[in-house]
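S.K.: The structure under discussion is supplied below as structure tokens; questions concerning it will follow.
Residue numbers (our numbering): -16 to 460.
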């Protein structure tokens, strides 16, 4: 019988860690990392044996119309090659006992969670959701967690307890969000570290049971909201209000500073690793002959990085961290603003990955995919829904209220409808998405009949967007 799942949320607190505790934590994380890599390697070996076996290939040939028979065949194949979460946990326990150092540093609960983590990573490759797994180096292994709050890593008397280690958190007793997390039951605890301003900082995450604290200003209403996701903004239309909200508004990109640091890093790498690059060569720039730098040789994995290089790299990572933190904070405000007007979301199934390939840095700075995933998570958590429909069958940006479809250039930001309506392209698409049913069909009759009552706040949203664009010095769209 499957375990019952309960809702959960995370309460994060910074920890006060002295030099001795920091050294002990690093030692434990090193042991945990080596155990994780061992489990991941074993999981991949068993997965390859399973995938190439005749039993597994026979199970794949069973028709999907017989799900029970197919599931039973796959289960027998996994059992034969001991490819399961439970088997990998047993392997982790055995490896830890053979290596006494790991058993001393990592408790049994953490050993099992590391094995589960490695097993899930290998399963992603088996199911085709990932191409490969990543073995962890010390700089990329940043978290360890327990299974329950009774043993191993646990939260006790407002302290993090892990064996003989007792770490005191920094608690803001005036913060209602933190107080809510401290008063509800704790399911399990996660310990992690981050690099902030070039220094390692330790944090504890309490995985609480229940729902998170909700501020009064971030309420969620019960209504239908149509969305139109763009590269740099999102249009929404609710029952009585609409808006065109920019992503990551006013967030510093640090583009110039990062470019300077990147050039400095490249000069340092070339100076310290001349054998890893092809020799410089002469090239043409117009009529001039210039010296071009040789490209990096393929297959070079050994690099000598100076202390200056490491210092500059830390500065670059800090700027990127700050940029990401600012963008997340601003985009979460966008999500909360949309949910105030309804928790039943309807939107086109756009490919953010396709945008990433085409626009690159613009998508990285604005993070429309983050907004989309946060909307889905928060809407479903509040008892709402998040429905995506095909862009090919609806073609909202091309559709007119009389049923005609006329293609527009991407630069055309104003929709001139055949019925005489003039509206911002994104706002009009968001309005139409409200009338797409669960079968992905657009009801133009309902959209046309209810448009007169919606037009006033659509025009108001367009006007506010134009005023904001003019205020920041960009041309209105």
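Ideal placement from N, C-alpha and C gives every residue a C-beta, glycine not left out.
Small disclaimer: the values here were computed from a predicted structure and weren't measured.
#1: Please state whether DSSP places residue 175 in a helix, a strand or coil.
#2: Need the endpoints of the alpha helix (DSSP H) that residue 418 sits in, please.
#3: Might you give, ordered along the chain, the residues of its own chain that have their beta carbon closer than 6 Å to the beta carbon of residue 176, omitting 5 neighbours on each side?
#4: With H, G and I counted as helix, E and B as strand and the rest as coil, what does DSSP make of residue 45?
#5: Could you tell me the distance, in whole angstroms, from the CA atom of residue 46 to the CA atom of residue 150?
#6: I believe residue 206 touches residue 324 by the beta-carbon criterion, under 8 Å. Please report the beta-carbon distance rounded to the nearest angstrom.
#7: CB residue 424 to CB residue 365, shorter than 8 Å?
#8: Please determine whether the Cβ atom of residue 59 lies at a distance below 7 Å from any heavy atom of the ligand MG.
#9: Given residue 132, which residues of its chain have a CB within under 7 Å of its CB, disregarding the five upstream and five downstream residues?
#10: Between the Cα of residue 410 and the Cα atoms of 388, 448 and 403, which residue gives the shortest distance?
#11: Let me know if residue 350 comes out buried or exposed under the rule of 16 or more other beta-carbons within 10 Å of its beta-carbon.
#12: In terms of alpha-carbon separation, which member of 246, 231, 191 and 290 lies closest to residue 130?
#13: Would you tell me roughly how many angstroms separate the C-alpha atoms of residue 322 and residue 7, rounded to the nearest one?
#14: Looking at residue 372 and residue 419, is the spacing between their C-beta atoms short of 8 Å?
#15: Would you check if there are 3 or more beta carbon pairs closer than 8 Å linking the region 274 to 282 to the region 201 to 219?
#16: Run through DSSP, which three-state label would residue 388 get?
#17: At the level of alpha carbons, what is the spacing between residue 35 and residue 263?
#18: Runs of 4 residues minimum, wholly inside the region 75 to 119: which ones carry the alpha helix (DSSP H) assignment?
#19: Kindly indicate which residue of 121, 232 and 243 has the alpha-carbon position closest to the one of residue 308.
#20: Spatial neighbours of residue 298 within its chain, please: CB distance less than 8 Å, with the 5 preceding and 5 following residues excluded, ordered by chain position.
#21: Which class does residue 26 belong to by DSSP, given the choice of helix, strand or coil?
#22: Just to confirm the assignment, what range does the beta strand (DSSP E) spanning residue 142 have?
#23: Straight-line CA distance for residue 121 to residue 13?
#24: Going by C-alpha to C-alpha distance, which of 89, 77, 51 and 444 sits closest to residue 9?
#25: Under a Cβ-count criterion, where at least 16 other Cβ atoms within 10 Å of its own Cβ denotes burial, should residue 41 be classed as buried or exposed?
#26: Are residue 384 and residue 413 touching if we call contact CB-CB under 8 Å?
#27: Per DSSP, which residues does residue 188 bridge with? Please list them.
#28: Going by alpha carbons, who is nearest to residue 265 out of 259, 255 and 276?
#29: Can you give me the C-alpha to C-alpha distance between residue 106 and residue 1, rounded to a whole angstrom?
#30: Helix, strand or coil for residue 183 per DSSP?
#31: In the DSSP assignment, the alpha helix (DSSP H) including residue 148 goes from what residue to what residue?
M.R.: Here's the rundown:
#1: Position 192 of the chain shown holds residue 175. Look at residue 175 here: in three-state DSSP terms it is strand.
#2: One-based indexing of the chain shown puts residue 418 at position 435. Neither: residue 418 is in no alpha helix (DSSP H) and is coded neither H nor E.
#3: Within the chain shown, numbered from 1, the residue matching residue 176 stands at position 193. In chain order, 125, 183 and 185 place their CB closer than 6 Å to the CB of residue 176, counting only its own chain and leaving out the 5 sequence neighbours on each side.
#4: Here residue 45 corresponds to residue number 62 of the chain shown, with the count starting at 1. Shown here, residue 45 sits in coil according to DSSP, grouped into three states, outside any helix or strand.
#5: Position 63 of the chain shown, counting from 1, holds the residue named residue 46. Position 167 of the chain shown, counting from 1, holds the residue named residue 150. Whole-angstrom Cα-Cα distance: 55 Å.
#6: Numbered from its first residue, the chain shown carries residue 206 at position 223. Numbered from its first residue, the chain shown carries residue 324 at position 341. With a Cβ gap of about 6 Å, residue 206 and residue 324 count as contacting.
#7: Position 441 of the chain shown, counted from the start, is the residue given in the question as residue 424. Position 382 of the chain shown, counted from the start, is the residue given in the question as residue 365. No, Cβ-Cβ distance for residue 424 and residue 365 is not below 8 Å.
#8: In the structure shown, the ligand MG is absent, as is every other ligand, since no ligand is present at all.
#9: Counting from one through the chain shown, the residue named residue 132 turns up at place 149. Once the five neighbours on either side are set aside, the close Cβ partners of residue 132 are 138, 169, 170, 171 and 172.
#10: Here the question's residue 410 lines up with position 427 in the chain shown. Among 388, 448 and 403, the Cα nearest to that of residue 410 is on 448.
#11: Here residue 350 refers to the residue found at position 367 of the chain shown. Classification of residue 350: buried, given that the 10 Å Cβ count is 16 or more.
#12: Stepping through the chain shown from its first residue, residue 130 is reached at position 147. That would be 191, whose Cα lies nearest to the Cα of residue 130.
#13: For the purposes of this step, residue 322 is taken as the residue at position 339 of the chain shown. For the purposes of this step, residue 7 is taken as the residue at position 24 of the chain shown. Those two C-alpha atoms are separated by around 44 Å.
#14: Position 436 of the chain shown, counted from the start, is the residue given in the question as residue 419. Position 389 of the chain shown, counted from the start, is the residue given in the question as residue 372. The Cβ atoms of residue 419 and residue 372 sit closer than 8 Å to each other.
#15: Contact fails: fewer than three Cβ-Cβ distances are below 8 Å.
#16: Counting from one through the chain shown, the residue named residue 388 turns up at place 405. Strand, per DSSP.
#17: Taking the chain shown and counting its residues from 1, one reaches residue 35 at position 52. Taking the chain shown and counting its residues from 1, one reaches residue 263 at position 280. Straight-line spacing of the CA atoms in residue 35 and residue 263 works out to 47 Å.
#18: 83 to 88 and 91 to 109, all fully within the region 75 to 119.
#19: Here residue 308 corresponds to residue number 325 of the chain shown, with the count starting at 1. Here the closest residue by C-alpha is 232.
#20: Position 315 of the chain shown, counted from the first residue, corresponds to residue 298. Same-chain partners within the cutoff: 181 and 244.
#21: As a working mapping, residue 26 is identified with position 43 in the chain shown. Three-state result, residue 26: helix.
#22: Counting from one through the chain shown, the residue named residue 142 turns up at place 159. Element bounds for residue 142: 142 to 145.
#23: Sequence index remark: in the chain shown, residue 121 carries index 138 (1-based). Sequence index remark: in the chain shown, residue 13 carries index 30 (1-based). The straight-line gap from Cα to Cα measures roughly 7 Å.
#24: Here residue 9 refers to the residue found at position 26 of the chain shown. If you compare the alpha carbons of 89, 77, 51 and 444 with that of residue 9, the shortest gap goes to 89.
#25: Translated into positions along the chain shown, residue 41 becomes position 58. By the neighbour-count rule (16 or more Cβ atoms within 10 Å), residue 41 is not buried but exposed.
#26: Counting from one through the chain shown, the residue named residue 384 turns up at place 401. Counting from one through the chain shown, the residue named residue 413 turns up at place 430. Going by C-beta atoms, residue 384 is not nearer than 8 Å to residue 413.
#27: For the purposes of this step, residue 188 is identified with residue 205 of the chain shown, where counting begins at 1. Answer is -5 and 173.
#28: Walking along the chain shown from the start, residue 265 turns up at place 282. Proximity to residue 265 across 259, 255 and 276 peaks at 276, based on C-alpha coordinates.
#29: Against the chain shown, residue 106 aligns to sequence position 123. Against the chain shown, residue 1 aligns to sequence position 18. The alpha-carbon atoms of residue 106 and residue 1 are separated by roughly 39 Å.
#30: Position 200 of the chain shown, counted from the first residue, corresponds to residue 183. Residue 183 falls in the strand class under three-state DSSP.
#31: Within the chain shown, the letter at position 165 stands for residue 148. Element bounds for residue 148: not the alpha helix (DSSP H) but the beta strand (DSSP E), 148 to 152.
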